[in-house]
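*Asks:* Note that the protein sequences, when read in sequence, are chains B and G. The opening residue of the first sequence carries number 1 in the UniProt record's numbering; numbering runs sequentially from there. The opening residue of the second sequence carries number 1 in the UniProt record's numbering; numbering runs sequentially from there. Ideal Cβ placement from N, Cα and C applies to all residues, glycine included. Note that the structure is a prediction, hence the values are computed from the model and not measured. Got a structure here, written out as structure tokens. Questions coming.
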Amino acid sequence: MLKYTIRRILAIVPMLFLISVVVFFLALAMPGDALSGEIDPNNSDPEYIEMMREKLGYNDPIHVQYYRWITDFIQGDFGTSVKYKMPVEDLIAQRLPNTIFLGIISLLFTYLFAFAMGMYAGKKPYTKIDHAIGGFNYLMLAIPIYIAGVFAIYLFSFKLGWFPFSGSVDIALTEGTAEWWLSRLYHVILPALVLGAMGTASYTQFLRNDIIDNSQKDYVRTARAKGTPESRIYNQHILRNSVIPLITFLGFDIVTIVNGALITETIFTYPGLGQLFLTSMQTNDYPTLMTLALMFSFLVLIGNLIADLLYGIVDPRIRVE
Amino acid sequence: MEIVPNHNQTQTSATKPQKSMSPWAIARRKFFKNKLAVISLIYLTAIAVLSLLAPYITTADVTKVNIGDMSLPPSSEHWLGTDTSGRDVFTRLLYGGRVSLLVGVTCTTFILIIGTIIGSVAGYFGGWVDNVLMRFTDFMLNFPFLVFVIVLNAVLFGVISGVWLLIFVISMLGWGGVARLVRSKILSEKENEYILAAISVGGKPYKIIGKHLLPNVLTTVIVQATILFAGMIVAESALSYLGFGVPQEVPSWGNMLSASQQPEVLQNMPWIWMPPALVLILTILSINFIGEGIKDALNPKSFR
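Structural data, given as structure tokens:
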């Protein structure tokens, strides 16, 4: 396992390098100065741009510029945001907890619903409720996440008035108090529900099919023959075996959350990294944009790495190449 | 190739020769027995025809802003009401279908072409060709799709105009999955003896791929095409909803839905955003059903 882990980690190093090169060249293609934010992209006076370019070393050879940028990046110096006039790293530090919070709560929702529905459907396959669950999941797969978000706001925020439709916390409360945490939870529920619903369908169907497969196996017959109660067979013997393949989904969930956060955070005006990405796009805040693009790519890479490693744990054959 | 002549033809010219159905005919019959798939096909055809004939069906101007008719609820004059700029929602829905379906169809086609070429070349040649192409595919798959569509859209803005920019960017970033799938299918298919035979009689690689291998992976590609088609329509509408898809003035289902970002519209004018939302969901559902139908029909082991 150690050898496999080291090999997988070494394999992503060239990927990291290539992705950073691509982002670097995309940043150079952006108007203004997308890397450090010293040149204002909205000021198009040629003399000003020429002066700033000379001063910031943009007339240096490409590899020198790349080296300077990537060493700054690794040391946590991401440049200055054009819009917020503050270092990008501080901006990200402000928003990151919100996105992580949203991601965790949405994952909890996914697991909660998927386990409830998947375990029931797997225990009683081909019944009416199983078909209902299957049909519901089919519908969920067909509804794009942003439409689900729009309907959720319309129904739960406007018609029923249960949940707020924007923000991440009631700003009148002091940070750190119990009320403040409750308010954060209250604000995150609706976006997390929508984001969490996205992964639920595939989890549910996978769990259901795996439970049905497992229930035909010899160990289940043995357990029945010993007189083990049916609920114990399903909730312990079978579930333990069916959950193992599911953990490999965890890596892909990171990818889903990165892509999903972009949309959910925008719909719910939830101040996280996804929303920051889109606002920086709208306001030509290229330094923030490129930092986030690189960060998201790294996250996806790490998500895929985690998925690979978990596969290696679950299925030892994969470790041997 | 010469086959032993079949004497049946002369003998049974009066009674028709018993001809067994071709695999495609069997598949077609199976598909049309699947009610859900047929209903979906009818719905999708109807949407496509209505969108194509939009200029003949409605006379209202899609782009012209009418200050006098702003935000009217549905009436006999405006079947689905008007939006906040006074444009007829029904007209925009039809024209929006054109753009959404166009983006869906063209992106799917381009992605299939790129993915199939890369996947089949990698799978057929193997060795270092496979290694290089697949590392490149992995590399493309590591980019978060939405993020890079948005970034590339910004970089290329002005180079390519209008809807085609989005189509180009989506196609360039989206082919990774197809390439992987086609490669894995080709890898197992090329182990068959008929391929060995084709190589041994001196068949050129492009001919073996095109004539012998691709027809045998076609069923996989067709099923993948329906999944892609639905995915691309969703991608276009999601990007347009966020304001980074097709240009704002072009009516598309996603652009129509983006009106719901104003709380006022979302809360009090459901006729503006609900029709495109429902049409979109039904379209995705019907494409999924058609895909399932085709998958079942092409699977010789299923007897539904």
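Please identify, using Cβ separations under 7 angstroms, the residues of the segment 102 to 131 of chain B that lie next to chain G, in order along the chain.
*Replies:* none
*Asks:* How would you label Glu189 (chain G), buried or exposed, when you count the other beta carbons within 10 angstroms and need 16 or more for buried?
*Replies:* By the neighbour-count definition (other C-beta atoms within 10 Å, threshold 16), Glu189 (chain G) is a buried residue.
*Asks:* Assuming Leu121 (chain G) and Ala293 (chain B) are in contact, meaning their beta carbons sit under 8 angstroms apart, how far apart are those beta carbons, in whole angstroms?
*Replies:* The question names Leu, but residue 121 (chain G) is Val in the sequence shown. No, Val121 (chain G) and Ala293 (chain B) are not in contact; Cβ-Cβ is about 30 angstroms, not under 8 angstroms.
*Asks:* Mind checking the segment 139 to 159 of chain B against chain G and listing, in chain order, the residues whose C-beta falls within less than 8 angstroms of any C-beta there?
*Replies:* Leu139, Leu141, Ala142, Ile143, Pro144, Ile145, Tyr146, Ile147, Val150, Phe151, Ile153, Tyr154 and Phe158
*Asks:* With 8 angstroms as the threshold, decide whether the Cβ of Thr228 (chain B) is near any Cβ in chain G.
*Replies:* no
*Asks:* May I have the straight-line CA-CA distance separating Val314 (chain B) from Tyr111 (chain B), to the nearest angstrom?
*Replies:* 19 angstroms
*Asks:* If Asn288 (chain G) and Ala198 (chain G) are in contact, beta carbons under 8 angstroms, what's the gap, nearest whole angstrom?
*Replies:* Actually they do not touch by this definition, with Cβ atoms about 37 angstroms apart.
*Asks:* What would DSSP say about Phe244 (chain G), mapped onto helix, strand or coil?
*Replies:* coil
*Asks:* Suppose contacts are defined by Cβ-Cβ distances below 8 angstroms. Is Leu195 (chain B) in contact with Thr283 (chain B) by that definition?
*Replies:* Going by beta carbons, Leu195 (chain B) and Thr283 (chain B) fall outside the 8 angstroms limit.
*Asks:* Using the beta-carbon of each residue, which ones in chain B are nearer than 7 angstroms to Trp273 (chain G)?
*Replies:* Val150
*Asks:* Please tell me whether Ala197 (chain B) has its Cβ less than 8 angstroms away from any Cβ of chain G.
*Replies:* The Cβ of Ala197 (chain B) sits no closer than 8 angstroms to any Cβ of chain G.
*Asks:* Taking Ser44 (chain G) as the reference, which of G:Pro144, G:Gln248, G:Leu101 and G:Leu133 has the closest Cα?
*Replies:* The sequence given here places Leu at residue 44 (chain G); Ser does not occur at that position. In terms of CA proximity to Leu44 (chain G), G:Leu101 leads the group G:Pro144, G:Gln248, G:Leu101 and G:Leu133.
*Asks:* Under 8 angstroms: do the segment 144 to 159 of chain B and the segment 69 to 80 of chain B share three or more Cβ pairs, one atom per stretch?
*Replies:* no
*Asks:* Compute the Euclidean distance between the alpha carbons of Ile42 (chain G) and Gly134 (chain B), then round it to the nearest angstrom.
*Replies:* 24 angstroms
*Asks:* Would you say Val149 (chain G) and Val178 (chain G) are within 8 angstroms of each other, going by their C-beta atoms?
*Replies:* no
*Asks:* Which residues in chain G have a C-beta closer than 9 angstroms to the C-beta of Phe277 (chain B)? List them in chain order.
*Replies:* Val147 and Ile150
*Asks:* Using a Cβ-Cβ cut-off of 7 angstroms (strictly less than) and excluding sequence neighbours within five positions of Gln11 (chain G), which residues of its own chain qualify?
*Replies:* Because Gln11 (chain G) carries a pLDDT of 49, less than 50, the predicted location of this residue cannot be relied on, and no value is offered for it.
*Asks:* Here's a check: name, in chain order, each residue in its chain whose Cβ is nearer than 8 angstroms to the Cβ of Val250 (chain G), leaving out the five neighbours to either side.
*Replies:* Val99, Gly162 and Val163
*Asks:* What do you get for Gln9 (chain G), buried or exposed, if any count of 16 or more other CB atoms within 10 angstroms of its CB means buried?
*Replies:* Confidence at Gln9 (chain G) is low in this model, with a pLDDT of 48, below 50, so the placement of that residue is unreliable and no value is reported for it.
*Asks:* Need the endpoints of the alpha helix (DSSP H) that Asp218 (chain B) sits in, please.
*Replies:* Asp218 to Ala225
*Asks:* Could you pull out every residue in the same chain whose Cβ sits closer than 6 angstroms to the Cβ of Val255 (chain B), ignoring the five residues on either side in sequence?
*Replies:* Same-chain partners within the cutoff: Val300 and Gly303.
*Asks:* Whole angstroms is fine: what's the gap from Leu72 (chain G)'s alpha carbon to Ala192 (chain B)'s?
*Replies:* Straight through space, the alpha carbons of Ala192 (chain B) and Leu72 (chain G) are spaced by roughly 34 angstroms.
*Asks:* Along the chain, where does the alpha helix (DSSP H) containing Gly127 (chain G) start, and where does it finish?
*Replies:* Gly127 to Leu141
*Asks:* Taking contact to mean 3 or more Cβ pairs, one atom from each stretch, closer than 8 angstroms, check whether the segment 117 to 127 of chain B and the segment 202 to 218 of chain G are in contact.
*Replies:* no
*Asks:* Would a check of beta-carbon distances place Ser40 (chain G) closer than 8 angstroms to chain B?
*Replies:* no
*Asks:* Tell whether a beta-carbon distance below 8 angstroms holds between Phe268 (chain B) and Gly149 (chain B).
*Replies:* By the CB criterion at 8 angstroms, Phe268 (chain B) and Gly149 (chain B) fall inside the cutoff.
*Asks:* Any idea which residues DSSP pairs Asp88 (chain G) with across the strands?
*Replies:* G:Thr82
*Asks:* To the nearest angstrom, how far is the alpha carbon of Gly243 (chain G) from that of Ser215 (chain B)?
*Replies:* 49 angstroms
*Asks:* Taking CB distances under 8 angstroms as the criterion, tell me whether Leu285 (chain G) reaches chain B.
*Replies:* yes
*Asks:* Scan the segment 3 to 37 of chain B for residues whose Cβ lies nearer than 7 angstroms to a Cβ of chain G and list them as they occur along the chain.
*Replies:* Met15, Leu18, Ile19, Leu26, Ala29 and Met30
*Asks:* If you measure between the beta carbons of Ile222 (chain G) and Thr283 (chain G), is that distance less than 8 angstroms?
*Replies:* no
*Asks:* Taking the Cβ atom as the reference point for each residue, do Gly97 (chain G) and Ile160 (chain G) lie within a distance shorter than 8 angstroms?
*Replies:* no
*Asks:* Could you give the residue range of the alpha helix (DSSP H) that holds Ser280 (chain B)?
*Replies:* Leu273 to Gln282
*Asks:* Counting only Cβ-Cβ distances shorter than 7 angstroms, please list the residues of the segment 220 to 242 of chain G near chain B, keeping chain order.
*Replies:* Here the close residues are Val234, Ser237, Ala238, Tyr241 and Leu242.
*Asks:* Using a Cβ-Cβ distance cut-off of 8 angstroms, determine whether Ser171 (chain G) contacts chain B.
*Replies:* no
*Asks:* Trp181 (chain B): buried (16+ other C-beta within 10 angstroms of its C-beta) or exposed?
*Replies:* exposed
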